[in-house]
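*Asks:* Add 256 to the 1-based position in the sequence shown for our numbering, that's all there is to it.
All residues carry an ideal CB built from backbone N, CA and C; glycine is no exception.
Below is a structure I'd like to ask you about.
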Amino acid sequence: MSSSPYRKQNGKSDEVSVTLTDEVGRSLTCNIEHSMDVEGQEYALLLPIDSPVEIFTWHGDDADEAAIPVEDETEIDKIFDTARVVLQEQNLT
């Protein structure tokens, strides 16, 4: 597996990312969340940039109730609109 680092400007600060490539040519781009040097060897905690997300809902107040995947595109759009507003309120966009 090989890696190639690059920096990307997100409007606030430089994010350092690395693209990992395995022996069959598949690649995964990750942000470097934390890195450290131990006895001359660098280690890094990586977070994939394009992680898939699943959205679930629960009906009722029962904690034992099964999670239900949200699959309706209109409902997902509403959820993302709300999330976008909350992120803006928290200065996270």
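Got a sec, what are the start and stop residues for the alpha helix (DSSP H) residue 332 sits in?
*Replies:* Along the sequence shown, one-based indexing puts residue 332 at 76. Note, residue 332: alpha helix (DSSP H), 329-345.
*Asks:* In three-state terms, what does DSSP make of residue 293?
*Replies:* The sequence position of residue 293 within the sequence shown is 37, counting from 1. DSSP places residue 293 in strand when its eight states are reduced to three.
*Asks:* Throw me the rounded Cβ distance for the residue 301 and residue 289 pair, which I believe falls under 8 Å.
*Replies:* For the purposes of this step, residue 301 is taken as residue 45 along the sequence shown, with counting starting at 1. For the purposes of this step, residue 289 is taken as residue 33 along the sequence shown, with counting starting at 1. Rounded, the Cβ-Cβ distance is 5 Å, consistent with contact.
*Asks:* Considering only their Cβ atoms, is the gap separating residue 287 from residue 352 smaller than 9 Å?
*Replies:* Outside the shown range of the chain, which is 257 to 349, sits residue 352, and nothing can be said about it.
*Asks:* What residues in its chain sit with their C-beta under 6 Å from that of residue 322, if we drop five residues either side in the sequence?
*Replies:* As a first step, residue 322 is located in the sequence shown; it is residue number 66 there, counting from the start. Taken in chain order, the list of residues that qualify is empty.
*Asks:* In angstroms, rounded to a whole number, what distance separates the CA positions of residue 345 and residue 334?
*Replies:* The residue given as residue 345 occupies position 89 in the sequence shown. The residue given as residue 334 occupies position 78 in the sequence shown. So the alpha carbons of these two residues sit roughly 17 Å apart.
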